[in-house]
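A.B. asks: At position 117 of the sequence shown the residue is numbered 454 (our numbering), and the sequence of numbers has no breaks.
Dumping the structure here so I can ask a few things about it.
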Amino acid sequence: MAHRVTLIPGDGIGPELAEATRRVLDASGVGFEWEVVDAGEAVMERYGTPLPDHVLESIRRNKIAIKGPITTPVGEGFRSVNVTLRQTLDLYANLRPARSIKGLESRYEDVDLVIVRENTEDLYAGIEHRVGRDAAESIKIITREASERIARFAFDYAVANGRRKVTAVHKANIMKLSDGLFLESCRTVAAEYEGRVEFEDRIVDNMCMQLVQKPELYDVLVLPNLYGDIVSDLAAGLVGGLGVAPGANIGADEAVFEPVHGSAPKYAGQNKANPTAMILSGALMLRHLGEPVAAQRVEDAVRDVIAEGRTITYDLGGTAGTREFGEAVAERLAVVPAASA
Ligand code: NAD
Numbered sequence: 338m339a340h341r342v343t344l345i346p347g348d349g350i351g352p353e354l355a356e357a358t359r360r361v362l363d364a365s366g367v368g369f370e371w372e373v374v375d376a377g378e379a380v381m382e383r384y385g386t387p388l389p390d391h392v393l394e395s396i397r398r399n400k401i402a403i404k405g406p407i408t409t410p411v412g413e414g415f416r417s418v419n420v421t422l423r424q425t426l427d428l429y430a431n432l433r434p435a436r437s438i439k440g441l442e443s444r445y446e447d448v449d450l451v452i453v454r455e456n457t458e459d460l461y462a463g464i465e466h467r468v469g470r471d472a473a474e475s476i477k478i479i480t481r482e483a484s485e486r487i488a489r490f491a492f493d494y495a496v497a498n499g500r501r502k503v504t505a506v507h508k509a510n511i512m513k514l515s516d517g518l519f520l521e522s523c524r525t526v527a528a529e530y531e532g533r534v535e536f537e538d539r540i541v542d543n544m545c546m547q548l549v550q551k552p553e554l555y556d557v558l559v560l561p562n563l564y565g566d567i568v569s570d571l572a573a574g575l576v577g578g579l580g581v582a583p584g585a586n587i588g589a590d591e592a593v594f595e596p597v598h599g600s601a602p603k604y605a606g607q608n609k610a611n612p613t614a615m616i617l618s619g620a621l622m623l624r625h626l627g628e629p630v631a632a633q634r635v636e637d638a639v640r641d642v643i644a645e646g647r648t649i650t651y652d653l654g655g656t657a658g659t660r661e662f663g664e665a666v667a668e669r670l671a672v673v674p675a676a677s678a
């Protein structure tokens, strides 16, 4: 039976990446029925909002979506569609694996990290205001409920995926109350998993240095929203850059899969950007849909094409276009039959 999935192409480089990703997923041996809906600036004029109700309804109906990046105006203009989507659907867990890819030049060969970022609160709560003309205030919200929920997600993920350790990342030495509560919540949950998954914590600045120097010491990291955003880009940098970093936003009812990177407007419409991150987000989606064999085949096909090095995009040192890379991965899937996976 085909899986019905909401596809939001996004803007900037999004539509090109979405096309390549759809081509690969359609070649994965799993049946899909795509419900394509648009969000972002392009629909503002028509619907008066960058996130029309029918987009949310489509995701609620299908329970699953994959999206390209969507541009957020800086300073003024509408609020981030990406953040609004995560908060409205309560997609509380942002899962961002960062794993080395053979054949890809980077400082380390054996990075295998999973970033679990709290996705609904912290400074992303969107509560900020000007205080007079020359000052502004943003409120950081941390609750026990959301912190325990994300910690539990990280530990459950570790157990389900055979990972040995969870590291909580915080700045509780300075933000003693907010980050202190996050750390306390992680410790409470860690006690339930004692003997099954190791637990430790790191202060976020030290964590950044350690990840750059010895990433092999770390496994699953759990972080509040803002640190999670920043550290996941750092982790992407350890394995070849934003072009290869996939992600998932997971809630109790729905899940939305998307690359870590943004809409890179300067490359829009040039058939230049790397679709790997969105294709690998598609592989995460296949796992979520209960299709682990197809997911593995897609990941292997991406890795094979990159390792061959003949059809890779500019950011990985090649000259292939977005479309050509997607085509090469799809062809690889066609050559390696599903039964051999
Ligand atoms: P960005 O991730 O779009 O781009 C940063 C740089 O990374 C690019 O200039 C490019 O050099 C490289 N890059 C990113 N994706 C790539 C790819 N697939 N292939 C090759 N190179 C790639 O970050 P930005 O410039 O800070 O943000 C641009 C816009 O995207 C902003 O409006 C931002 O708000 C938005 N954004 C959206 C999302 C999302 O939709 N989830 C996430 C992050 C940023």
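Quick reminder that beta carbons are idealized off the backbone N, C-alpha and C, glycines included.
1. Cα-Cα, which of V342, P346, L571, V568 is closest to G606?
2. In terms of residue numbering, what span does the beta strand (DSSP E) encompassing T613 cover?
3. Between which two residues does the beta strand (DSSP E) containing F536 stretch?
4. Hey, would you say V630 sits closer than 9 Å to L558, going by beta carbons?
5. Pick out whichever of V672, R398, F415 has its Cα sitting closest to the Cα of E591.
6. When you compare the region 613 to 621 with the region 504 to 520, are there three or more beta-carbon pairs, one atom per stretch, that lie closer than 8 Å?
7. I need the boundaries of the alpha helix (DSSP H) containing D570, first residue and last residue.
8. Within a Cβ cutoff of 6 Å, which residues of the same chain sit near I476, ignoring the five residues on either side of it in sequence?
9. Is any non-hydrogen atom of the ligand NAD found closer than 8 Å to the C-beta of A614, if you look at the structure I gave you?
10. Determine the direct distance from the alpha carbon of R423 to that of C523, and round the result to whole angstroms.
11. Could I get the ranges of all uninterrupted beta strand (DSSP E) runs contained in the region 479 to 519, with 3 residues as the minimum, in chain order?
12. Note down the Cα distance separating Y429 from V597, rounded to an integer number of angstroms.
13. In this structure, how does DSSP classify L432 when only helix, strand and coil are distinguished?
14. Here's the rule: buried if 16 or more other CB atoms are within 10 angstroms of the residue's CB, otherwise exposed. What is N498?
15. Use the C-beta contact count for R467: other C-beta atoms within 10 angstroms, 16 or more gives buried, fewer gives exposed.
16. To the nearest whole angstrom, what separates the beta carbons of G663 and V361, a pair I think is in contact under 8 Å?
17. Got a sec: does the ligand NAD put a non-hydrogen atom nearer than 8 Å to the Cβ of P410?
18. If we ignore side chains and look at the alpha-carbon of each, how far apart do L653 and A573 end up?
C.D. replies: Straight from the coordinates:
1. Check the Cα spacing between G606 and each of V342, P346, L571, V568: the tightest is with P346.
2. DSSP places T613 outside any beta strand (DSSP E); the residue lies instead in the alpha helix (DSSP H), whose first and last residues are 613 to 625.
3. First-last of the beta strand (DSSP E) with F536: 535 to 540.
4. Not in contact: V630 and L558 (Cβ atoms no closer than 9 Å).
5. For the set V672, R398, F415, the Cα lying nearest the Cα of E591 is the one of R398.
6. Segments in contact, no.
7. Counting along the chain, the alpha helix (DSSP H) containing D570 begins and ends at 562 to 575.
8. Answer for I476: I464, listed in chain order.
9. Proximity of the beta carbon of A614 to the ligand NAD is indicated: a heavy atom of the ligand is located closer than 8 Å.
10. Rounded to whole angstroms, C523 and R423 show a C-alpha spacing of 22 Å.
11. You should have 502 to 507.
12. Their Cα atoms are separated by approximately 16 Å.
13. L432: strand per DSSP, three-state reduction.
14. Its Cβ having fewer than 16 others within 10 Å, N498 is exposed.
15. So R467 counts as exposed.
16. Yes, G663 and V361 are in contact; Cβ-Cβ is about 6 Å, under 8 Å.
17. True, at least one ligand heavy atom lies under 8 Å from that Cβ.
18. Rounded to whole angstroms, the gap between the alpha carbons of L653 and A573 is 13 Å.
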